[in-house]
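Its first residue numbered 1, the sequence shown is counted upward by one per residue in UniProt numbering. Each residue gets a CB set at the ideal place from its N, CA and C atoms; glycine is no exception. Source: prediction; values computed, not measured.
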Amino acid sequence: MKVMIVEDEMLLAMELQWEIEAAGHTVVGQAASGAQALELLEASPPEFAFVDIQLQDGPKGIDFGRALAERSIPYVFVSGNIKKLPPDFAGAMGAIEKPYTMNGIANALEYISAVVSGDEDRLPPASLVLAADYLRINSK
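Here you go:
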C-alpha cells in the first residue's frame with residue numbers, strides 16, 4: 001500500500017515512516033504543512049494517509065483530510081485531541097490519539113491495510129477510534 005504521512009513533528013513522522021515500511025508498505029512522501037500535503041497529493045497520490053490536525057501552517061489537516069475524502073482516498077487522523085475533529089470526522093475512517101505506541105500504530109496499520117484491500121470482517125484495534133463508533137458513542 002502506498003502511504004502518505006502528513007505530520008509536522010519530524011520525529012513522529014520518521015517513526016511512522018519506519019513503522020509503515022517495516023510492515024511492508026511504501027511511503028510516497030511526508031508533508032509538514034497543508035500546502036506541502038496538497039503538492040504531494042498531486043505529485044504522488046497515496047492509497048492511504050495518516051494526517052495530523054495541527055500542521056506548520058495551522059489546523060490545515062482537516063482541510064487536507066477533506067481533499068483526500070473528495071478523491072476517495074482513505075485516511076485516519078493522528079492527533080493529540082480527537083475532540084477537535086468535526087462531527088463527520090471530515091471523511092476520515094477514524095483517528096489515532098497521541099501519544100500512541102508503535103505497537104498501536106502497527107495494529108492500526110494492519111487493520112487499515114486489510115480494510116483498504118477489501119477485508120471488512122476484521123475488528124479494529126483499540127488504538128484506532130473508528131469515526132462511526134465515535135459518532136455513535138458521543139451522540140447518546
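Relative to the alpha-carbon of residue i, which residue among the options has its alpha-carbon at the smallest distance?
{"i": "Ala114", "options": "Gly91, Gly24, Phe89, Ala90", "result": "Gly24"}
{"i": "Lys84", "options": "Ala32, Met102, Thr101, Pro59", "result": "Pro59"}
{"i": "Val76", "options": "Met10, Leu130, Asn103, Glu70", "result": "Leu130"}
{"i": "Ile82", "options": "Asp88, Ile96, Ala69, Glu70", "result": "Ile96"}
{"i": "Met4", "options": "Leu11, Leu12, Ala22, Pro45", "result": "Pro45"}
How would you label residue i, buried or exposed, when you count the other beta carbons within 10 angstroms and need 16 or more for buried?
{"i": "Gly118", "result": "exposed"}
{"i": "Gly34", "result": "buried"}
{"i": "Ser72", "result": "exposed"}
{"i": "Gly80", "result": "exposed"}
{"i": "Leu11", "result": "exposed"}
{"i": "Ala121", "result": "One point to set straight first is that residue 121 is Asp, not Ala, in the sequence displayed. Label assigned to Asp121: exposed."}
Are residue i and residue j touching if we call contact CB-CB under 8 Å?
{"i": "Glu47", "j": "Ala106", "result": "no"}
{"i": "Leu128", "j": "Gly94", "result": "yes"}
{"i": "Ala16", "j": "Phe64", "result": "The question names Ala, yet the displayed sequence has Leu at residue 16. No, the Cβ-Cβ distance between Leu16 and Phe64 is not below 8 Å."}
{"i": "Asp57", "j": "Val6", "result": "no"}
What span of residues does the beta strand (DSSP E) with residue i cover, start to end?
{"i": "Tyr100", "result": "Element bounds for Tyr100: n/a, residue is neither H nor E."}
Taking DSSP's pairing of strands, which residues face residue i in a bridge?
{"i": "Lys2", "result": "Thr26"}
With respect to the alpha helix (DSSP H) encompassing residue i, which residues constitute its N-terminal and C-terminal limits?
{"i": "residue 148", "result": "The displayed coordinates of the chain run from 1 to 140. Any statement about residue 148 would go beyond what the structure contains."}
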